[in-house]
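Using the working numbering, the first residue of the sequence shown is number 48, and each one after it goes up by one. We put the CB at the ideal spot given by N, CA and C, even for glycine. A quick write-up on the structure given underneath.
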Amino acid sequence: MIVEMILLEDADLYAVICYLKISENCRYLSKIWVPQSIRSNFLFLRNKYFTSLSSAIRIFKSKQELLTPPTFYKVNVTSVWSEDMTAARNLATSLDRNIILINTLDFYESMTTMPHVEIFKISLHRHLELDENQHIINTIKPVYKPGKEYPDVPKNRHSLLFYDGTWQTPVEGMYWPNKDVLTAKATSDDIGRCVVSARKGFETWSKWSTEARMKVLSKFSSALKYNGKVELSKIVHKWTTFPRLYKDSLIPQYPPLWVTIIRIRKPKGVITLMEQNETDLFRKLAQSLIIGNSVIVICSKQSCDLAPYCDMFSTSGIPPGVINLLSFENVKSLSEGYNASEPSDVYRQFTVSKQIGIVIY
């Protein structure tokens with residue numbers, strides 16, 4: 048568990064110091080973020096009343112400095128202190144953390160159970176990964192077999208890779224015959240660049256409102272119908288209204304009764320898909336995208352190809368990096384299949400839990 052505290056400029060510093068002295072959870076506190084404007088006052092009170100406080104002190108000048116990524120595969124807890132509840136809630140919403148507390152450092156089993164459950168569903172070798180991009184790279188496992196390779200560039204751009212919103216030639220310039228059509232052969236360099244593209248796409252796409260994402264995916268659905276892909280169009284259209292079924296939930300108050308908890312779910316990040324048929328691919332693609340994830344689709348001998356549709360995604364207004372395509376002649380199955388069938392389970396598999404605990408005076 049990683050626990051941090053953020054003090055805003057109007058925080059009651061005397062109350063903060065007194066609270067830290069009596070809170071049992073103070074021992075978990077690794078870092079305290081203090082604005083430059085109240086740095087001197089906070090350090091004075093700490094040195095006067097709580098010299099044993101060992102947490103690292105970090106000074107910040109702008110709130111942008113607080114928007115740091117979470118520690119990978121840990122339960123991340125941040126406590127925000129401010130007299131302005133609106134400002135505190137706005138900051139809490141923007142922080143990428145599992146649990147955000149406002150004007151308290153007390154967290155209870157009701158808050159921490161869900162993040163622990165979600166995190167420890169991950170197998171041990173994934174838990175040991177320290178870098179999320181590297182973890183995604185490691186889940187894509189090409190199988191390189193001896194055989195003829197083709198350095199010729201195919202005339203059809205749909206035989207190339209697709210990331211950063213455009214068609215890309217493979218770094219090593221090699222291709223493989225896919226049903227008598229030369230197709231780009233991705234290598235580790237291509238995978239790395241594609242993951243960086245997907246990460247950038249997620250940072251943009253996840254910040255869009257659900258309504259904005261619905262509008263763009265509706266355009267994509269119409270483009271599919273116009274191009275004769277009626278069944279795929281229906282699948283995408285069906286899932287554009289998906290998030291409306293799941294609103295942020297207010298959890299019943301647990302002791303102490305003066306703390307209320309709001310539980311929301313946020314998009315997971317970069318989703319990797321590889322499917323044998325287009326129906327399954329487009330169902331999972333639409334489910335993932337409408338929630339705010341970016342996607343890397345793997346094409347191989349054993350799976351269907353997204354290449355004929357990449358231009359439609361772009362012309363529909365989906366930002367660069369949200370849709371990405373890698374191709375391999377042979378590749379191992381992905382560890383995560385995203386095979387949930389119930390709508391509530393589908394929603395959970397593409398999201399992670401975020402909980403905000405607020406002191407009610």
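Looking at 280, 77, 345, the one whose alpha-carbon comes closest to that of residue 271 is 280.
Judged by pairs of C-beta atoms under 8 Å, the segment 243-255 does not touch the segment 220-230, as fewer than three such pairs exist. Shown here, residue 351 sits in coil according to DSSP, grouped into three states, outside any helix or strand.
A Cβ-Cβ separation of about 5 Å places residue 49 in contact with residue 118 under the 8 Å criterion. The segment 223-268 is shown to contain whole beta strand (DSSP E) runs of 3 or more residues at 228-231, in chain order.
Residue 236 sits exposed, since fewer than 16 C-beta atoms from the chains shown fall within 10 Å of its C-beta. Secondary structure note for residue 207: it is in no beta strand (DSSP E), with a DSSP letter that is neither H nor E. DSSP places residue 276 outside both helix and strand once states are collapsed to three, so it counts as coil. Residue 188 is positioned such that its CB atom lies closer than 8 Å to that of residue 378.
Secondary structure at residue 179: helix, using DSSP grouped into helix, strand and coil. The beta carbon of residue 349 sits closer than 7 Å to those of 323, all from its chain and outside the five residues before and after it, given in chain order. Following the DSSP letters along the chain, one finds residue 78 inside the beta strand (DSSP E) bounded by residues 76-82. Counting every other CB atom within 10 Å of its CB across the protein chains shown gives residue 330 a total of 16 or more, marking it as buried. Between residue 314 and residue 338 a beta carbon distance of about 5 Å is seen, short of the 8 Å cut, so the two are scored as contacting. For residue 56, there is no enclosing alpha helix (DSSP H), since its DSSP letter is neither H nor E.
Of the residues assessed, residue 144 falls on the buried side of the cut-off, its CB having 16 or more other CB atoms within 10 angstroms.
Non-local C-beta neighbours of residue 260 in its own chain, meaning closer than 6 Å and more than five positions away in sequence, comprise 337, ordered along the chain.
Residue pairing of residue 398 in beta bridges, as defined by DSSP: 314. Contact annotation: the segment 367-381 touches the segment 203-210, with at least three C-beta pairs closer than 8 Å. For residue 63, the uninterrupted alpha helix (DSSP H) segment begins and ends at 60-69. Using a 10 angstroms sphere on the CB of residue 352, the tally of other CB atoms reaches 16 or more, which defines it as buried.
Burial of residue 126 is indicated by the presence of at least 16 other C-beta atoms within 10 angstroms of its C-beta. Your pair residue 268 and residue 152 does not check out as a contact, with CB atoms roughly 47 Å apart and the cut at 8 Å. DSSP places residue 107 in the strand class (E or B) of the three-state scheme.
Distance from the CA atom of residue 361 to the CA atom of residue 257, rounded to whole angstroms, is 18 Å.
Within the same chain, 234 come within 6 Å of residue 219 by CB-CB distance, once the 5 residues on both sides are set aside. The beta-carbon separation of residue 97 and residue 80, rounded to 17 Å, does not stay under the 8 Å limit for a contact. Between residue 112 and residue 77, the gap from beta carbon to beta carbon reaches 8 Å or more. Within the same chain, 263 come within 6 Å of residue 365 by CB-CB distance, once the 5 residues on both sides are set aside. Under the DSSP definition of a beta bridge, residue 346 partners with 374. Apart from the 5 residues on each side of it in sequence, residue 186 sits with its Cβ closer than 7 Å to the Cβ of 319, 381, 382 in its chain, given in chain order. A distance below 8 Å separates the beta carbons of residue 58 and residue 129. Per DSSP, residue 123 is one residue of the beta strand (DSSP E) stretching across 123-128. One thing to note: residue 384 has its Cβ no nearer than 8 Å to the Cβ of residue 341. For residue 147, the uninterrupted beta strand (DSSP E) segment begins and ends at 146-149.
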